[in-house]
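So the sequence lines, in the order shown, correspond to chains D and L. Each residue of the first sequence is one higher than the one before, counting from 1 in my numbering. Each residue of the second sequence is one higher than the one before, counting from 79 in my numbering.
2 protein chains.
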Amino acid sequence: MKVRVHVSLKPGVLDPQGRAIQHSLEGLGFAGVHDVRAGRLFELDVDNGVSDEALDDMCRKLLANMVIENYRIEKVAA
Amino acid sequence: MKVRVHVSLKPGVLDPQGRAIQHSLEGLGFAGVHDVRAGRLFELDVDNGVSDEALDDMCRKLLANMVIENYRIEKVAA
């Protein structure tokens, strides 16, 4: 089973990386970019037997920093 | 308009970060994780007038390293 985990900063948390990217896009001549937020994406290949609770646990314990980040689990058709 | 850009390593490109995460998950007691690939996720807030070509250009010029990475653009309903 393929699983995608999207990790993004919670609203209100400062994102210097995203800000730098936004400025770089402006510098490259791209107009109309109001905001950029940077996050992480993990693609996991797991056994079909792995439960939703286990996936949740992986995110909370390792993949995301729950203090400043949210995560979203997306199962991809194999 | 909200746009998500998913950047992931091309197949065959070594991913030490993903490997380290996989080993850490094993170390934490999670079984059945065969592979982990680490990527990046960008959430852009852009003008509705920004064209698909401009978005493509942003990815090729700044957000993704086309030598080793693929990108996918996903438009999110505002």
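Backbone N, C-alpha and C define an ideal beta-carbon position, used for all residues, glycine too. Computed from a prediction, not measured in an experiment: that's the story for all the values here.
For residue i, which three-state DSSP category applies?
| i | result |
| --- | --- |
| Ala31/D | coil |
| Asp15/D | coil |
| Ala38/D | strand |
Can you tell which of the options has its C-alpha closest to the C-alpha of residue i?
| i | options | result |
| --- | --- | --- |
| Leu103/L | Val67/D, Leu63/D, Ala77/D | Leu63/D |
| Gly49/D | Ile99/L, Pro89/L, Gly110/L, Phe120/L | Gly110/L |
| Pro11/D | His23/D, Gly39/D, Ala20/D | Gly39/D |
| Gln17/D | His112/L, Phe120/L, Asp93/L | Phe120/L |
| Asp35/D | Arg19/D, Asp45/D, Asp47/D | Arg19/D |
Taking 9 angstroms as the threshold (beta carbon to beta carbon), is residue i in contact with chain D?
| i | result |
| --- | --- |
| Gly110/L | yes |
| Val85/L | yes |
| Val145/L | no |
| Ala132/L | yes |
Let me see if you follow: with CB-CB separation under 9 angstroms, is residue i close to chain L or not?
| i | result |
| --- | --- |
| Gly12/D | no |
| Arg37/D | yes |
| Ile21/D | yes |
| Val76/D | no |
Inset, instruction - Taking 8 angstroms as the threshold, find out whether the stretch 57 to 64 of chain D comes into contact with the stretch 131 to 151 of chain L through three or more Cβ pairs. - result: no
Inset, instruction - Check whether the stretch 11 to 31 of chain D touches the stretch 80 to 94 of chain L, counting contact only when three or more Cβ pairs, one atom from each stretch, lie closer than 8 angstroms. - result: no
Inset, instruction - Pick out the complete alpha helix (DSSP H) segments inside the stretch 43 to 72 of chain D, 4 residues or longer, and give them in chain order. - result: 52 to 58
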